[in-house]
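First residue of the sequence shown? That's 126 in my numbering, and the numbers climb one at a time after it.
C-beta: ideal position from N, C-alpha, C; glycine also.
Quick caveat: nothing in here was measured; it's all calculated off a predicted structure.
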Amino acid sequence: MFGWFRPTCPLEPHAKAWTEERLGWLADQFGLDVLNRRAVILPTADFFPDEYDGTEESVRVLLDRLCAYMDADPERVDPVVAKKVGRIGNPSWKCRRETNVIACG
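Following this line, the structure appears as structure tokens:
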């Protein structure tokens, strides 16, 4: 009635801006209809039940599962181990498309 019980965004302003910018990019690349009809995949055992130990085999299993969720051909995706990992959600990260590669960092 007075907006007392209105939901609030759980993200800090910079994280909210980063998320909105990236969702906008996804919508531009793939269309809003693709985003709206997909289930939200969470990093839980319900969606990722396989054991992960950091080996190449477990990376491949994880990548294949991700590709299945995205309707992507896993044979077109090559896992590359990053030498340096930044903070997730870092607002300085930028993504770019180069042929069939999307690089973020």
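Supposed contact pair residue j and residue i - C-beta distance, whole angstroms, cut 8 Å
i: residue 187; j: residue 194; result: Not really, about 11 Å apart at Cβ, beyond 8 Å.
i: residue 136; j: residue 144; result: 6 Å
Of the listed residues the options, nearest to residue i (C-alpha basis)
i: residue 184; options: 203, 198, 160; result: 203
i: residue 175; options: 153, 191, 139; result: 191
i: residue 205; options: 158, 143, 179; result: 179
i: residue 159; options: 167, 148, 169; result: 148
i: residue 196; options: 182, 164, 130, 140; result: 164
N- and C-terminal bounds of the alpha helix (DSSP H) containing residue i
i: residue 159; result: 157 to 162
i: residue 175; result: Unbroken run through residue 175: none, as it is neither H nor E.
i: residue 165; result: Per DSSP, residue 165 belongs to no alpha helix (DSSP H) and is neither H nor E.
i: residue 184; result: 181 to 195
Neighbour-count burial assignment, residue i, 16 or more Cβ in a 10 Å radius
i: residue 222; result: For residue 222, the predicted structure reports a pLDDT of 46, less than 50, and the residue's modelled location is therefore unreliable. A value from the coordinates is still provided. Residue 222 comes out exposed.
Within-7 Å CB hit, residue i to chain B
i: residue 136; result: Looking at the structure shown, chain B is missing, and only one protein chain is on hand.
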